[in-house]
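Line by line, the protein sequences are chains V and R. For what it's worth, this note's numbering labels the leading residue of the first sequence as 1, then goes sequentially. For what it's worth, this note's numbering labels the leading residue of the second sequence as 1001, then goes sequentially. The beta carbon of each residue, even a glycine, is placed where N, CA and C say it ideally should be. These notes concern the structure reproduced below.
Number of protein chains: 2
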Amino acid sequence: MARPKLEDVAARAGVSVTTVSRVLNNRGYLSDDLRRRVNAAIDELGYRPDAIARSLIGRRSGLVGVIVPTVADPFFGELVSSIERGLAAHGYKALLCDCQENAGREAEYLDLLQANRVDGVITSTHNRDVAGYDRAELPIVAVDRRLGAHIPVVRSDNRAGGRLATEHLLARGALSPILITATDHAGNDRAAAYREVMGAHGREPRVRAYGYATPMDDRRALVETWLADSGADGVFATDDLTALMALEWAHKTGRSVPGDVRIVGYDGSAAVRLGVPGLTTVGQPIGRLGARAAQLLVDRIADPDAAPTAEPPLPVELRLGWTT
Amino acid sequence: MARPKLEDVAARAGVSVTTVSRVLNNRGYLSDDLRRRVNAAIDELGYRPDAIARSLIGRRSGLVGVIVPTVADPFFGELVSSIERGLAAHGYKALLCDCQENAGREAEYLDLLQANRVDGVITSTHNRDVAGYDRAELPIVAVDRRLGAHIPVVRSDNRAGGRLATEHLLARGALSPILITATDHAGNDRAAAYREVMGAHGREPRVRAYGYATPMDDRRALVETWLADSGADGVFATDDLTALMALEWAHKTGRSVPGDVRIVGYDGSAAVRLGVPGLTTVGQPIGRLGARAAQLLVDRIADPDAAPTAEPPLPVELRLGWTT
DNA sequence: CTGAAAGCGCTTACAG
DNA sequence: CTGAAAGCGCTTACAG
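Structure follows, in structure tokens:
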């Protein structure tokens, strides 16, 4: 038989659809007898309320859009996993928007999400200038990304992380550690901290940026060229994948690590930590980032007009491996 | 103003809602003039059709449930990314169901997905005995998992992969390579191939299985114990993370790789390949797995009664690194 | 070529 | 304590 509907349950239990709906939503006074009969009918028919019909009425669809560059990246995979966990705990479902490292898709997704009446959006891409976020009259939470004064951002302490990494490299004897990062703009606190520490030690900062959209293979080629040219004896990469590229380069070119080159990464995803625990890296609390973002969004959905409070950055930690 | 509805567009264009709906769906004959006026009204109001209302009518919600153990694992992250890409190309959205490595959630998700009227499900978890898949009257596609005769499964050639890995280890001089895998049941073709090759060479197979639900830290401990006890001079791990644990163990215990121990992994996700290209591994065509799963599901949604055709396994390849 | 009306599967005032 | 009816925002026969 086709999927049973409220009407079928009502007929079977010998009551009105209103009553069934009341039992379902536990609303108003119902006699125990009625309640029992209705529940029996529900079980017998294997009835499940249609969430689509429900969301057409209430203003809640229970859907949250989660926009990321790509979950193929272990950092974002782990982030999305923890976001999903947080959302599920509050009864929300995650609509995954994987931009496939393609900025253009982000705007499309934002449109799509609104057409699908999502209750809110969590975004962690880094495309600059994506219009639509200001227009969107939707609760939004950003992860590590400034989108506008009215949009709260969850992040960890990038400045402290940048300082920890740079100071550690210097302490380990690196004379001129180089910074390799995605983009070197004003909002890059990890780069700012690197410059600050280098300056404080009277060293010349050297920053190389590959750009977010760079395909992985090109990125590797850039990293290898930069390292060969720079003669750096230390590398601070603002993500672990780049740090591992540096490590591989050292291996290939016969350099010893940490003897000739010291290497520090950033992020500390579980996958990298488990697979390559020898990598010294600045660990972000990825699970907490995701959990906090989910919680914050749920709160905003519940009370959209509450003024966004400034989120204190979550703490990072330096995890020592044998690469430094 | 509140979100505009069809009625608002109709009023503004001076036509009936029927006509607006026709323009939207490009259905029936409309005069160019009408079409123009309606489109103008749509633009002026910034109208977007409500996908929820639409799916209440048609039988298509445009939603597809994607069930995975966790996207925090780079293999599944990459798989989900390619599934999402394939679905999006056909106008479907992915509802992410991250089981958080917890078998219990899978059944709940299956329920949830049906309540939300998803048009289909792609599942790639490995929990045995999850009821509900047979009951679910829903197009389903499995990735590397046998669920039942009527459910098509997309996978790569596990048997060939197992053979490639084992033969390679023997060719590189390993005398008694050990197999480390998740579970050692009859459906584990990689393990079967390992046994077969070992037998053909007159060697005693040694299989160790940690179980899917094992937390990462426990898994590492198991792997290290097994390796220390076995005195193995070769390791075939049926996933890369486990192979990297073996590599790290060798490093920690002062063994040379590949001199003392040869190591072969499995999966070859982009993250691992980029981060640790030195790992010899059996590469699965993850992108093709995801694309094929998406395509197959889309086909089944379009024609649910078509007999499921047997999917030929996709080819794998041995990628050589310096660990063998 | 265009519109009035019924209906998708629910919930929610409003009566009784 | 329970039910008949309207309505959520659309689409689709059915008339004209």
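Looking only at DSSP bridge pairs, what is residue i linked to?
| i | result |
| --- | --- |
| F236 of chain V | V:L179, V:V264 |
| T166 of chain V | BP columns for T166 of chain V are empty, so no partner. |
| E1317 of chain R | R:G1283 |
| S1156 of chain R | R:L1314 |
| T1123 of chain R | R:I1067, R:A1142 |
| V207 of chain V | V:L179 |
Give me the chain R residues within the contact set of residue i, using Cβ-Cβ distance strictly less than 9 Å, ordered along the chain.
| i | result |
| --- | --- |
| L227 of chain V | Neighbours of L227 of chain V on chain R: none; closest Cβ ~15 Å, over 9 Å. |
| M198 of chain V | Those do not exist, as M198 of chain V stays about 27 Å from chain R at its closest Cβ, beyond 9 Å. |
Strictly below 9 Å CB to CB, what residues from chain V border residue i?
| i | result |
| --- | --- |
| H1251 of chain R | G278, W322 |
| D1111 of chain R | R48 |
| D1144 of chain R | Under the 9 Å cutoff, chain V gives no residues; its nearest Cβ is about 17 Å from D1144 of chain R. |
Buried or exposed: where does residue i fall if 16 or more other Cβ atoms within 10 Å of its Cβ makes it buried?
| i | result |
| --- | --- |
| H168 of chain V | buried |
| K93 of chain V | buried |
| R190 of chain V | buried |
| A1307 of chain R | exposed |
| I57 of chain V | exposed |
| W1322 of chain R | exposed |
| N1188 of chain R | buried |
| E204 of chain V | exposed |
| P1258 of chain R | buried |
| R220 of chain V | buried |
| A165 of chain V | buried |
| L1079 of chain R | buried |
| A193 of chain V | buried |
| V91 of chain V | Per the sequence presented here, residue 91 of chain V reads as Gly, with Val not at that position. G91 of chain V should be labelled exposed. |
| G202 of chain V | exposed |
| E106 of chain V | buried |
| S1256 of chain R | exposed |
| S1016 of chain R | exposed |
| A89 of chain V | exposed |
| R1208 of chain R | buried |
| L69 of chain V | The question names Leu, but residue 69 of chain V in the sequence shown is Pro. Classification of P69 of chain V: buried, given that the 10 Å Cβ count is 16 or more. |
| D1217 of chain R | exposed |
| P1139 of chain R | buried |
| D233 of chain V | buried |
| Y29 of chain V | exposed |
Listing by chain order, which chain R residues have their CB less than 7 Å from the CB of residue i?
| i | result |
| --- | --- |
| T70 of chain V | S1081 |
Strictly below 8 Å CB to CB, what residues from chain V border residue i?
| i | result |
| --- | --- |
| A1237 of chain R | Residues of chain V passing the Cβ test: none, with the nearest at roughly 11 Å. |
| E1007 of chain R | Going along chain V, no residue has its Cβ under 8 Å from E1007 of chain R, so there is no contact; the nearest lies around 15 Å. |
| L1244 of chain R | L274, G275, V276 |
Since residue i meets chain R, which of its residues come closer than 8 Å, beta carbon to beta carbon?
| i | result |
| --- | --- |
| A117 of chain V | Here the sequence assigns Arg to residue 117 of chain V, which means Ala is not the residue at that position. Within 8 Å Cβ-Cβ: D1050, A1051, I1052. |
| L241 of chain V | A1271, L1274, G1275 |
How would you list, in chain order, the residues of chain V whose beta-carbon sits under 7 Å from the beta-carbon of residue i?
| i | result |
| --- | --- |
| G1254 of chain R | Correct list: empty, because the minimum Cβ distance to chain V is about 13 Å. |
| P1074 of chain R | P74, G77, A271 |
| Q1114 of chain R | R48 |
| L1314 of chain R | Under the 7 Å cutoff, chain V gives no residues; its nearest Cβ is about 18 Å from L1314 of chain R. |
| E1248 of chain R | P277, G278 |
Q.
Residues of the stretch 46-63 of chain V in Cβ contact with chain R at a cutoff of 7 Å, in chain order, please.
A. R48, P49, D50, A51, I52, A53, S55, L56, S61
Q. According to a CB-to-CB cut-off of less than 7 Å, which residues of the stretch 82-103 of chain V neighbour chain R?
A. E84, R85, K93, A94, L95, L96, D98, Q100
Q) Closer than 8 Å, Cβ to any Cβ of chain V: which residues of the stretch 1261-1273 of chain R, in chain order? A) S1269, A1270, A1271, V1272
Q | Against chain R: residues of the stretch 156-186 of chain V by CB proximity under 9 Å | A | none
Q) What are the start and end residues of each continuous alpha helix (DSSP H) run of 4 or more residues lying completely inside the stretch 68-103 of chain V, in chain order? A) 74-89
Q.
Runs of 4 residues minimum, wholly inside the stretch 1284-1309 of chain R: which ones carry the alpha helix (DSSP H) assignment?
A. 1286-1302
Q: Check distances from the C-beta atoms of the stretch 202-229 of chain V to those of chain R and list, in chain order, the residues that come in under 9 Å.
A: M216, D217, R219, R220
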